[in-house]
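The structure under discussion appears below in the form of structure tokens.
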Ligand code: KG4
Ligand code: ZN
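Numbering (this note's numbering), first residue to last: 1123 to 1455.
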């Protein structure tokens, strides 16, 4: 039995969790700064790192207390080292290093995207499979042949899917983070605004969302100039449907290409109700098993870091105190 204390602070959530054997959640503490960043329309990096520094100690202590265990009973300390906002990452990483060193516990470095993917292990997923990772900073289709092995089959050439949701939401006056509000608004809308999809989707598994975002912005500006009222729900649904179709089509092409029979969703955008529904339906049609994390494990959390770290723990793949935080690191080695 292994109890891992996991820490995540790559963006605007300070999170800590205790996870047993990679799948049993003993605690899951998330301190979100979203409300504070809302007034700026997005995450302000300096504010984020300062807030992480203020709460990290109490978040970690609460994770241990909720799990009903002491630091002594922990087998390893895991932490997100990359990618993300460097100032934010450094807070979690420095704390984890000090804690591991002081308590003489092994330190495990986890890639944030890997963490998002491994959130699916809590739902019983095992490799090989293909994962769509769609978050505020990433849109990747990744083939996972085995634990800790990742091959990128396709990725965004410009904006991440979540970033497009956030930008379109801002244009529609829906505020930050945009994904949940677009998801909600789209439920009452009609898909009636034609949006051209980028051509290269037919040839590669790569994505591009910036043209779709611009098409929506232009539509809103044109309507404004003509003095026409914008139906926010219709715009939200037309945008969401287009993005969901592209994400679904490309990922399932990836599933065929990799020759696997399992597919999963990961990252903040995996909470999107239309995307979950679309994947579920396509998986059924194609005889593929579909997995997605519980909603609380889609957006940033430390449980997913603990789930990923377990497979490094089993293989004794530990990091030294020279481990550094990095803003950009590809998931493939
Ligand atoms: O994984 P995450 O919490 O942080 C990053 O690693 O970026 O993802 C945050 C992103 C934001 O862009 C947010 O708008 C998006 O996930 N998101 C959603 C939904 N919930 C969160 N996008 C679409 N539909 C949702 N329901
Ligand atoms: Zn994330």
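The C-beta atom is built at its ideal place from N, Cα and C for all residues, glycine as well. As the structure is a computational prediction, the values presented were derived from the model and not from experiment.
Item to check | residue 1254 vs residue 1387 beta-carbon contact at 9 Å | outcome: Here residue 1254 is taken as the residue at index 132 of the chain shown, counted from 1. Here residue 1387 is taken as the residue at index 265 of the chain shown, counted from 1. Against a cut-off of 9 Å, the Cβ pair of residue 1387 and residue 1254 comes out as a contact.
Checklist entry - Of all the options 1340, 1290 and 1357, which has the alpha carbon lying nearest to the alpha carbon of residue 1309? => result Against the chain shown, residue 1309 aligns to sequence position 187. Of the listed residues, the one whose Cα sits closest to residue 1309 is 1357.
Item to check | Residues of its chain near residue 1319, where Cβ-Cβ distance is below 8 Å and the 5 sequence neighbours each way are ignored | outcome: Position 197 of the chain shown, counted from the start, is the residue given in the question as residue 1319. Taken in chain order, the residues that qualify are 1334, 1364, 1367 and 1368.
Checklist entry - Looking at the structure shown, is residue 1393 part of a helix, part of a strand, or coil, going by DSSP? => result For the purposes of this step, residue 1393 is taken as residue 271 along the chain shown, with counting starting at 1. DSSP places residue 1393 in helix when its eight states are reduced to three.
Next on the checklist: Give me the residue from 1213, 1448, 1316 and 1271 with the minimum Cα distance to residue 1455.
Outcome noted: Numbered from 1 along the chain shown, position 333 holds the residue referred to as residue 1455. Selected option, being the one with the closest Cα: 1271.
Checklist entry - What are the partner residues of residue 1412, as DSSP defines its beta bridges? => result For the purposes of this step, residue 1412 is taken as the residue at position 290 of the chain shown. Paired residues: 1385.
Next on the checklist: Excluding the 5 residues flanking residue 1427 on each side, which residues of the same chain have their C-beta closer than 6 Å to its C-beta?
Outcome noted: Taking the first residue of the chain shown as position 1, residue 1427 is located at position 305. Taken in chain order, the residues that qualify are 1128, 1130, 1200, 1202, 1232 and 1237.
Checklist entry - Below 9 Å between beta carbons: does that hold for residue 1264 and residue 1247? => result Stepping through the chain shown from its first residue, residue 1264 is reached at position 142. Stepping through the chain shown from its first residue, residue 1247 is reached at position 125. No. Outside cutoff.
Checklist entry - Nearest CA to the CA of residue 1229: which residue from 1305, 1437 and 1449? => result In the chain shown, residue 1229 corresponds to position 107, counting from 1. Selected option, being the one with the closest Cα: 1437.
Item to check | residue 1328 to residue 1278 span [Cα, whole Å] | outcome: Walking along the chain shown from the start, residue 1328 turns up at place 206. Walking along the chain shown from the start, residue 1278 turns up at place 156. If I take the Cα positions, the gap works out to 6 Å.
Item to check | Given 8 Å, three or more beta-carbon pairs between the segment 1441-1448 and the segment 1144-1161 | outcome: no
Next on the checklist: So, with DSSP's three-state summary, where would you put residue 1244?
Outcome noted: Within the chain shown, residue 1244 is the residue found at index 122, counting from 1. Helix, per DSSP.
Checklist entry - DSSP on residue 1093, reduced to helix/strand/coil? => result There is no way to answer for residue 1093, as the model of the chain reaches only from 1123 to 1455.
Item to check | Contacts around residue 1433, its chain only, beta-carbon distance under 6 Å, and the 5 residues preceding and following it disregarded | outcome: Here residue 1433 refers to the residue found at position 311 when the chain shown is read from its first residue. Hits under 6 Å: 1269 and 1270.
Checklist entry - Between residue 1214 and residue 1137, what straight-line distance do the alpha-carbon atoms span, to the nearest angstrom? => result Within the chain shown, residue 1214 is the residue found at index 92, counting from 1. Within the chain shown, residue 1137 is the residue found at index 15, counting from 1. If you take the alpha carbons of residue 1214 and residue 1137, they lie about 9 Å apart.
Item to check | Cβ-Cβ separation, residue 1244 to residue 1415 (assumed contact under 8 Å), whole Å | outcome: The sequence position of residue 1415 within the chain shown is 293, counting from 1. The sequence position of residue 1244 within the chain shown is 122, counting from 1. That pair is a contact at about 7 Å.
Next on the checklist: Using the Cβ count rule (16 or more neighbours within 10 Å means buried), how would you classify residue 1441?
Outcome noted: Sequence index remark: in the chain shown, residue 1441 carries index 319 (1-based). Buried, because 16 or more other Cβ atoms sit within 10 Å of the Cβ of residue 1441.
Checklist entry - So is the beta-carbon of residue 1421 under 8 Å away from any non-hydrogen atom of ligand 2? => result The residue given as residue 1421 occupies position 299 in the chain shown. Checking every heavy atom of ligand 2 against the Cβ of residue 1421, one is found closer than 8 Å.
Checklist entry - Who are the near neighbours of residue 1207 in its chain, counting only those whose CB is closer than 8 Å to its CB and skipping five residues on each side? => result Numbered from its first residue, the chain shown carries residue 1207 at position 85. If we look at residue 1207 and ignore the five residues flanking it on each side, its Cβ neighbours are 1132, 1133, 1165, 1167, 1170, 1171 and 1449.
Next on the checklist: Can you list, in chain order, the residues of its chain with a C-beta nearer than 6 Å to that of residue 1393? Leave out the 5 residues immediately preceding and following it.
Outcome noted: Residue mapping note: residue 1393 aligns to position 271 of the chain shown, counting from 1. Cβ within range, chain order: 1417 and 1420.
Item to check | Check: residue 1281 C-beta below 8 Å from any heavy atom of ligand 1 | outcome: Position 159 of the chain shown, counted from the start, is the residue given in the question as residue 1281. Answer for residue 1281: no, Cβ out of range of ligand 1.
Checklist entry - Which word fits residue 1180, buried or exposed, when buried means at least 16 other C-beta atoms lie within 10 angstroms of its C-beta? => result In the chain shown, the residue the question calls residue 1180 occupies position 58. Exposed, by the Cβ-count rule.
Next on the checklist: Taking 8 Å as the limit between beta carbons, can you name the residues of its chain near residue 1282, skipping five residues before and five after?
Outcome noted: Indexing the chain shown from 1 puts residue 1282 at position 160. Same-chain partners within the cutoff: 1256, 1257, 1258, 1259, 1260, 1261 and 1331.
Next on the checklist: Quick test of your reading: residue 1396 and residue 1251, contact by CB under 8 Å. State the CB separation rounded to the nearest angstrom.
Outcome noted: Taking the first residue of the chain shown as 1, we reach residue 1396 at position 274. Taking the first residue of the chain shown as 1, we reach residue 1251 at position 129. Contact flag wrong, Cβ pair sits at about 22 Å.
Checklist entry - So what's residue 1367 in DSSP terms, helix, strand or just coil? => result As a working note, residue 1367 is residue 245 in the chain shown. It is helical.
Checklist entry - Residue range of the alpha helix (DSSP H) that residue 1287 falls in? => result Indexing the chain shown from 1 puts residue 1287 at position 165. Per DSSP, residue 1287 is one residue of the alpha helix (DSSP H) stretching across 1283-1293.
Checklist entry - Is residue 1188 closer than 9 Å to residue 1150 when the C-beta atoms are compared? => result Locating residue 1150 in the chain shown gives position 28, where the first residue counts as 1. Locating residue 1188 in the chain shown gives position 66, where the first residue counts as 1. Yes, the Cβ-Cβ distance between residue 1150 and residue 1188 is below 9 Å.
Checklist entry - With distances taken between CB atoms, is the gap from residue 1287 to residue 1362 smaller than 9 Å? => result One-based indexing of the chain shown puts residue 1287 at position 165. One-based indexing of the chain shown puts residue 1362 at position 240. Yes, Cβ-Cβ distance for residue 1287 and residue 1362 is below 9 Å.
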